[in-house]
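These protein sequence lines map, in sequence, to chains F, Z and E.
The first sequence lines up with residues 1 to 564 when you count with my numbering.
The second sequence lines up with residues 1 to 193 when you count with my numbering.
The third sequence lines up with residues 1 to 338 when you count with my numbering.
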Amino acid sequence: MATTAPETFPVHEDAHHDAHADHKPAFFQRWFMSTNHKDIGTLYLIFSIFAAIVGGGISGIMRMELAEPGIQYLGAVHEFLGGAAGDFDGSLHLWNVLITAHGLIMVFFVVMPAMIGGFANWFVPIMIGAPDMAFPRMNNISFWLTFMGFCSLMMSAFMPGGTGMGAGTGWTVYAPLSTTGSPGPAVDFGIFALHLAGAGSIMGAINFITTIFNMRAPGMSLHKMPLFVWSVLVTAFLLLLALPVLAAAITMLLTDRNFNTTFFTPQGGGDPILYQHLFWFFGHPEVYIMILPGFGIISQIISTFSRKPVFGYLGMAYAMVAIGVVGFIVWAHHMYTVGLSVNEKMYFTAATMVIAVPTGVKIFSWIATMWGGSLRFASPMWWALGFIFLFTVGGVTGVVLANGGIDDNLHDSYYVVAHFHYVLSLGAVTAMFAGWYYWFPKMFGVWHSELLSKLQFIVFFVGVNTLFFPMHFLGMNGMPRRYPDYTPAFELWNWVATKGYEIMAVSIVIFFANILYAIIVRKKAEGNYWGEGATTLEWTLSSPPPFHQFETLPVIDDKAGAAH
Amino acid sequence: MAQTIAPSGNGPNRPRMAQNTRTGLIFLGVALAMLALGYAAVPLYRMFCQVTGIDGTTQRASAAQASAVQATGQRISVRFDGNVANGLPWTFRPMQTTSNVVIGEKALAKYEARNNAARDITGTAVFNVSPVQAGKYFTKIECFCFTEQTLKPGQDVEMPVIYYVDPAILEDPDTKDIEQITLSYSFYESERL
Amino acid sequence: MGIRRAAQYATFAGAALMVSAGTALAAAAEATALPEDAVVGGYVPMKPTEGKGMPTPGAIGFQEQFSPIGEYGQWMHNAVLMPIITAISLLVLLLLLWVVVRYRTKANPKPSRTSHNTLIEVVWTLLPVLVLLGIAVPSMRLLASQYETAPEGALTVKVTGYQWYWGYTYPDYGGFEVISNMLPEDEALANGEPTQLAVDKRMVVPAGVPIRIQTIGADVIHSFAVPSLWFKLDAVPGRLNEKVMFIEEPGVYYGQCMELCGARHGFMPIAVEALPRDKFEQWVLEQPGGTLGEPAMTDVNMPVQEPESAVPGAAGAPRPDSALEEDVDAAEPAPTAA
């Protein structure tokens, strides 16, 4: 990775600059009007953790309800939220609201804010030797738009949405269920939430692209950038190209709902299938948006703890570019059962399987990075190793689902739920925890407990596998997604999955205990606490880095560049 | 500005800011172009379906074009299907379930529609054929679905459709084995603005 | 609680093993062993066979398949895909374990600086390509077979998805429509049927012949899915979809709606009952409006059974009073009232 010889790096030996660099604004100005990429990154991380509690809590209600056949808890939750007692359809509608909210929150308000808003905001400018993002104020707007989007989504839960309160359309918001099928303002607010979060993310994408293109330190060529920066660059392009299409599609939904347009309703010649095409043209790149930064984080960690540069750096970078490009031409594999023609289905089957190739390159390159290395097993490395295995399992079930003919049985079954939770909940979230423990002392200047971190990993690993692996069985046996109740034949594995959730929940308690540990113990972290192997620019700074870093731009030593 | 980015004069910040603005605007333009493309997808998708017949979109021809088509000796079965959207108080059904037509020859089919409500209602029919790959070869010359239809209270009308099956259907490996094409209509109440 | 449950699951698992061990032969035997329910002259709903056409408690694989496409799909999954994906996952796991043991700091204090090996990079790019090509061959065959069109004279059943029940129209047999609602738990159990899957009126079709299934949605998108027949097709409003279903032997095959369609999405199951041709025709004649005559109706004035889908506000599921209907009505451009 890009290394910088210490002598080319005089910033922090300059007392005058240091004094200025650590001048922080007052509390309100610092946290509510922030233009500092590190503070905004911290805000995003806090926001993401908060949203994860909400989204994860919702999945807790869902797993509780699914532990046994029959409707046990929905009625009570429905009443608690202000619904009429004994309103059966209202309780079932609540189920749909829960699955919708869980999906939207996890995608737009947990993974994206943590990966892109949090880690990328924190470390992209530092890793390329820039003092801040290109547009610091727009950075702040992005965050608050995302925050407002979350508020809008939360508000939608308390508005009429058809059979009950809230938007019960699924995170895909398919027309006509989301248009003529869901009267009431709840769905409008849900859509508006996507608009706000989407606008925030598009601004973020423009910001990252501009920062990475224009603000690299002298000598930091594109081919020397750390892989995390590469992953964020590719992600930013995916956001920039995919999100506006979503914005267009959901705006058309809004006008279909409120202004009598017929983009997606058959009267007037609209086509509900067109909405699905537009949604998945966004939706498929979106899944890569969630996982690519994770790829970047894992690359940094594997390299650090192997004390070895990443194997096949260029292959790794361009594998991500390839995944991003191919990700735009495979969308209809989410629509295999809508009545596509045989040629369409064959094309999308073939194109989808192609993605396995660059993904395989990444998996093998990570292993090759460790091959011949001198491995240390600090906690981030545990998470990274877990990521590689879990992502592989999630990836191979993707190859199964890619086959249009096989998907005819598995489509919209729990097998799909298992697949995307393996790549997202177990893949992306594992990468997020890896990044969290890799950078936590760097961001906050104090140590977490390595012991608790490892303990959390073990509990989390056992929990999520117990939670999601049985879902493959349920799906193959025929259990459909988005069902609050099921025939007793599905009970065993549902019960096991709920137990898995409980184990996973314990790991989250350990996570918070670890934060508490850091706050109470306040064990100071050095600048480069991982030592040899941690070669990117953030390790040349103190922990936490000064409020303004790189007032004098670092110069990247040509001989120690990443590509060598 | 001073408190946000490195303030002092040693950094090349001022020219860089102008450059950033330029780059940012370029990519804002890209985002707006994608937004426009999202909207453009609506007519593009329709055109794409009409050209390729994908998704069972039927073709349209003039009477003159139709008479230029050479009839073949082979026959194909055509099935007719009618639906009424929720909330439209009409009865609508095909007057023949199936027809055995000569490929390449014009054929007439009729639907019957009745307005069961006590008010004038205007409806529009949407349509497709299945199997989807047959759309490219199913050509309508005249159809009640080309225009809106208004029915008076209690009015009962016959609605004709004149069509032919393009002989090219026999050449396409995806369609040559099709034994029966289904033409399906769904009537919706026209939007009143 | 825990022990009771564990015991229950042990029996489930035993049953699952037995069923998954069952071959087509055993299935055929089961079919013949079906209780002869049909009284002469009257249709009596067939008793389902445990483990046939329905999910099996604790199963870890597909339901047993009763169509050629299903058998091929299951073969492709079990014999082609599963070995490949298991091998890949194990390979990655073993490589991970190997590097963890072999290259830990103690075992290998001095890291190498190797970061390139063109040969191996080419190999691990090309090998997956070959594996994928290997998968693509049966995959494309399966796909192509799913698009084979129905032969001449095939029976057509039109499946309409409503919120929240199914309608099965038989246009060639008088155009009658069977409305199918989920049975309440007690009735399902009384009939010896699985709860959440049993319906009051099944879609009855002949076994052993290709059936042209056409789906359409009356209100929102639904999806007509029967896992043991490897069949899934969305029911989209304003658009008729079509696909061939072939059921090898008589039996009851359960399915469920598989596209989110609103509050009772989970409460509109599907039950397909396949009968020998003569029994099927008997059933048709017992339906109001059911005929075995020439399908084509040319006489306009002939009184026909109006398909339910042509009747606004079709009386389907006995819906309890809920806010929904008022909301829907209020949202629609008010027809006469207002």
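Glycine included, C-beta positions come from ideal geometry on N, C-alpha and C.
- Following the DSSP letters along the chain, one finds serine 130 of chain Z inside the beta strand (DSSP E) bounded by residues 121-130.
- Setting aside the 5 residues that flank it on each side, phenylalanine 280 of chain E is surrounded in the same chain by Val204, Val205, Pro206, each with a C-beta closer than 7 Å to its C-beta; the list follows chain order.
- Taking 9 Å as the cut-off, the beta carbon of glutamate 148 of chain Z is found no closer than this to the beta carbon of glutamate 112 of chain Z.
- Judged by their CB atoms, alanine 218 of chain E and threonine 160 of chain E are nearer to each other than the 9 Å cut-off.
- In the three-state scheme derived from DSSP, where H, G and I count as helix and E and B as strand, alanine 107 of chain E is classed as coil.
- Going by beta carbons, valine 229 of chain F and methionine 316 of chain F fall outside the 9 Å limit.
- Per DSSP, the unbroken alpha helix (DSSP H) holding glutamine 276 of chain F starts and ends at 272-306.
- Taking 8 Å as the cut-off between beta carbons, the residues of the region 163-191 of chain Z near chain F are Asp174, Ser186, Tyr188, Glu189, Ser190, Glu191, in sequence order.
- Only those residues of the region 160-187 of chain E whose C-beta falls short of 7 Å from the nearest C-beta of chain Z are listed: Pro171, Asp172.
- The beta carbon of isoleucine 221 of chain E sits closer than 8 Å to those of Gly161, Asp234, Ala235, Val236, Pro237, Glu259, Cys261, all from its chain and outside the five residues before and after it, given in chain order.
- In this structure, histidine 37 of chain F lies away from proline 113 of chain F, with their beta-carbon atoms at least 9 Å apart.
- When DSSP reads this structure, serine 184 of chain Z sits in a beta bridge with Z:Asp81, Z:Asn128.
- With distances taken between CA atoms, leucine 314 of chain F lies nearest to F:Pro358 out of F:Pro358, F:Met335, F:Ile329.
- For valine 342 of chain F, the chain Z residues whose C-beta falls within less than 8 Å of its own C-beta are Gln133, Asp174, listed in chain order.
- Interface with chain Z (9 Å Cβ-Cβ cutoff): leucine 90 of chain E is excluded.
- With fewer than 16 neighbouring CB atoms inside 10 Å of its own CB, aspartate 156 of chain Z falls in the exposed class.
- Beta-bridge partners of methionine 182 of chain E (DSSP): E:Val199.
- Taking 9 Å as the cut-off, the beta carbon of leucine 81 of chain F is found closer than this to the beta carbon of alanine 157 of chain F.
- Taking a cut-off of 8 Å on C-beta distances, the region 47-66 of chain Z does not touch the region 76-83 of chain Z, as fewer than three cross pairs fall below it.
- Between isoleucine 179 of chain E and valine 272 of chain E, the alpha-carbon positions lie close to 13 Å from each other.
- Classified as buried, leucine 197 of chain E has 16 or more neighbouring CB atoms from the shown chains inside 10 Å of its CB.
- Contact annotation, glycine 168 of chain F with phenylalanine 108 of chain F: C-beta distance approximately 17 Å; criterion of less than 8 Å not satisfied.
- When only Cα atoms are considered, threonine 23 of chain Z and threonine 210 of chain F end up about 6 Å apart.
- Taking C-beta atoms under 8 Å as the contact rule, glutamate 532 of chain F and arginine 307 of chain F qualify, at a distance of about 5 Å.
- The Cβ of threonine 124 of chain Z sits closer than 9 Å to at least one Cβ of chain F.
- In this structure, isoleucine 213 of chain E places its C-beta atom within 9 Å of the C-beta atom of glutamate 242 of chain E.
- Within the region 315-403 of chain F, the complete alpha helix (DSSP H) runs of at least 4 residues fall at 342-354, 356-370, 379-402.
- Just so you know, the alpha carbons of histidine 93 of chain F and asparagine 83 of chain Z end up roughly 28 Å apart.
- In the three-state reduction of the DSSP assignment, aspartate 256 of chain F falls in the helix class, which pools H, G and I.
- Looking only at F:Lys499, F:Pro480, F:Pro484, F:Ala84, the smallest Cα-Cα distance to valine 464 of chain F is reached by F:Lys499.
- For tyrosine 164 of chain Z and glutamate 71 of chain E, the gap between their C-alpha atoms comes out near 39 Å.
- Note that the region 389-399 of chain F touches the region 416-430 of chain F; at least 3 beta-carbon pairs, one per stretch, sit closer than 8 Å.
- The continuous beta strand (DSSP E) containing arginine 93 of chain Z extends over residues 90-94.
- When secondary structure is reduced to three states using DSSP, tyrosine 254 of chain E falls in the strand class.
- Here the region 341-348 of chain F lies against the region 136-143 of chain E, with 3 or more beta-carbon pairs under 8 Å apart.
- Close to chain F, meaning a Cβ-Cβ distance shorter than 9 Å, are the following residues of the region 248-263 of chain E: Tyr254, Gly255, Gln256, Cys257, Met258, Glu259, Leu260, Cys261, Gly262, Ala263.
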